[in-house]
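**Q**
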Amino acid sequence: MTIALLAGDGIGPEVTAEAVKVSNAIAEVYGHEIEWRPALTGAAAIDAVGDPYPPETHEVCASSDAVLFGAIGLPRFDNDPSAKVRPEQGLLRMRKMLGLYANVRPTFVFESLIDNSPLKRDRIEGTDLVFVRELTGGIYFGERGRQDNNNTAFDTCTYTRDEIVRLARKGFELAMSRRKQLCLVDKANVLETSRLWRETVQSMEKEYPEVTVSYELVDAVAMRLIQWPKAYDVLITENLFGDILTDEASVISGSMGLMPSASIGSKVALYEPIHGSFPQATGKNIANPLATILSAAMLFEMSFNLKDEAEHIRKAVNQSLADMVVTEDLAGSNQAYGTSEVGDYLVAQIKK
Ligand code: IPM
Ligand code: MG
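Structure follows, in structure tokens:
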């Protein structure tokens, strides 16, 4: 199997290095051969070749079986609204060019970490939900610009029925493999695009008679998601609502450093932690590698249908949490381990 390796910026190189170590251990135990194909992206690529997603990187991604991605973004770009080339543009272009239209972000809780969440135990215990966020349309990619001598700005949100159908289909299929509940999150009381989403999903219901579909407004979901997350199974939503709600959902799990994600389309799929590049931690060997390692587990499962391998990684992660071999974000008053020590521990667990 060939896997494009896009380490990116900040802690990206450190956390992906641990995911590579763990994946290689899995490959050794199960007799697979992984060819890692490193490529430049983000600020690292801007510095090297002036483009956050250079054509050579696209070539590597498009011709690999899957992509493992670290993180991109650096403060020197965030704090400069006039920067012409931004790392995030690379990410958006990559999603578009690779056709990664569905972002799958699970939210679950680890028993040993429940008390890390700012939410009360009884509210979140047993939470197991997945967002399927539309990733290549909507206001992120609509027409935008300035008018009126630069005094007016606009961004437009556009969706076609086809874009909605293909995203919703991923949601329905995922619901069928789980608890068979699907929630469409929209703002159909105000937005025309939301009304098209609602109408389209309603028309698909008959194809999936076993799935119970609910339709909820995004503002209400923002509230109910933290009040009673157990109410949800699979949630589908357009691009911007999904961006906001998936950050909110990550709080439920107690640590951003644990949550993996997959971006899928018709061709190659990409796997990445949901956290950012955490520049303050760069090079300090303190970043939590577990979200990237769990993203590698999703990669084995979703791109290669290797469920045992994925489960093996998750078991090792659970073991490191139970044994408190964790980085400082999770250590509390216990001794904190380094990024690479956590990776070494997982490798030892896997090879045992
Ligand atoms: C995400 C991020 C990106 C997004 C940014 C970095 C462009 O927040 O993956 O959720 O908004 O999609
Ligand atoms: Mg986001």
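58 is the number that our numbering gives to position 76 of the sequence shown; each next residue is one higher, with no gaps. For each residue, glycine too, the CB sits at the ideal point set by N, CA and C.
1. Locate the alpha helix (DSSP H) running through residue 43, then write down its first and last residues.
2. Rounded to whole angstroms, what's the CA-CA distance from residue 97 to residue 125? Just pull it up for me.
3. Taking 8 Å as the line, does the beta carbon of residue 55 fall inside it for any heavy atom of ligand 1?
4. Mind pulling the alpha helix (DSSP H) runs of 4 or more residues that sit fully within the segment 204 to 288?
5. Per DSSP, what kind of secondary structure is residue 82 in: helix, strand or coil?
6. Take residue 122 as the anchor and find which of 133, 106, 139 and 132 has the nearest alpha-carbon.
7. Please state whether DSSP places residue 94 in a helix, a strand or coil.
8. Looking at residue 276: is its Cβ nearer than 9 Å to the Cβ of residue 14?
9. Closest to residue 248 by C-alpha separation, out of 172, 208 and 78, would be which residue?
10. Would you tell me roughly how many angstroms separate the C-alpha atoms of residue 55 and residue 84, rounded to the nearest one?
11. In angstroms, rounded to a whole number, what distance separates the CA positions of residue 127 and residue 135?
12. Counting along the chain, where does the beta strand (DSSP E) carrying residue 116 start and finish?
13. Going along the chain, which residues of its own chain have a beta-carbon closer than 8 Å to the beta-carbon of residue 180, five neighbours each way excluded?
14. Near residue 177, what residues of its chain come up, given a Cβ to Cβ distance below 7 Å and the 5 sequence neighbours on each side ignored?
15. Within its chain, find whatever has a CB closer than 8 Å to the CB of residue 108; leave out the 5 residues flanking it on each side and keep chain order.
16. To which residues of the same chain is residue 102 closer than 6 Å at the C-beta, ignoring the five residues directly before and after it?
17. Please report the straight-line C-alpha distance between residue 68 and residue 218, rounded to a whole angstrom.
18. Inspect the CB distances between the segment 277 to 284 and the segment 198 to 207 and report whether three or more fall short of 8 Å.
**A** Quick look at the numbers:
1. Taking the sequence shown and counting its residues from 1, one reaches residue 43 at position 61. Residue 43 -> alpha helix (DSSP H) spans 37 to 44.
2. If you number the sequence shown from 1, residue 97 lands on position 115. If you number the sequence shown from 1, residue 125 lands on position 143. Each residue's alpha carbon lies about 44 Å from the other.
3. Counted from its first residue, the sequence shown places residue 55 at position 73. At a threshold of 8 Å, residue 55 counts as near ligand 1, since its beta carbon sits closer than that to one of the ligand's heavy atoms.
4. DSSP runs (the alpha helix (DSSP H)) wholly in the segment 204 to 288: 221 to 234 and 272 to 286.
5. Sequence index remark: in the sequence shown, residue 82 carries index 100 (1-based). In this structure, residue 82 counts as coil in the three-state DSSP scheme.
6. Mapped onto the sequence shown, residue 122 falls at position 140. That would be 139, whose Cα lies nearest to the Cα of residue 122.
7. On the sequence shown, residue 94 is found 112 positions in, with the first residue counted as 1. Helix.
8. The residue you call residue 276 lines up with position 294 of the sequence shown. The residue you call residue 14 lines up with position 32 of the sequence shown. No; because the gap between Cβ atoms is not below 9 Å, this pair is not in contact.
9. Position 266 of the sequence shown, counted from the first residue, corresponds to residue 248. Comparing Cα positions, the closest option is 78.
10. Counting from one through the sequence shown, the residue named residue 55 turns up at place 73. Counting from one through the sequence shown, the residue named residue 84 turns up at place 102. If I take the Cα positions, the gap works out to 22 Å.
11. The count along the sequence shown starts at 1 and reaches residue 127 at position 145. The count along the sequence shown starts at 1 and reaches residue 135 at position 153. Taking the straight line joining both Cα atoms gives about 6 Å.
12. The residue given as residue 116 occupies position 134 in the sequence shown. Here the beta strand (DSSP E) through residue 116 covers 110 to 116.
13. Looking up residue 180 in the sequence shown gives position 198. Once the five neighbours on either side are set aside, the close Cβ partners of residue 180 are 166, 168, 170 and 197.
14. Within the sequence shown, residue 177 is the residue found at index 195, counting from 1. Closer than 7 Å at Cβ, skipping near neighbours: 170.
15. Here residue 108 refers to the residue found at position 126 when the sequence shown is read from its first residue. Result list for residue 108: 91 and 212, in chain order.
16. Position 120 of the sequence shown, counted from the start, is the residue given in the question as residue 102. So the list is empty, once near-sequence residues are dropped.
17. Mapped onto the sequence shown, residue 68 falls at position 86. Mapped onto the sequence shown, residue 218 falls at position 236. Their Cα atoms are separated by approximately 28 Å.
18. The answer is no - the segment 198 to 207 does not touch the segment 277 to 284, with fewer than three Cβ pairs under 8 Å.
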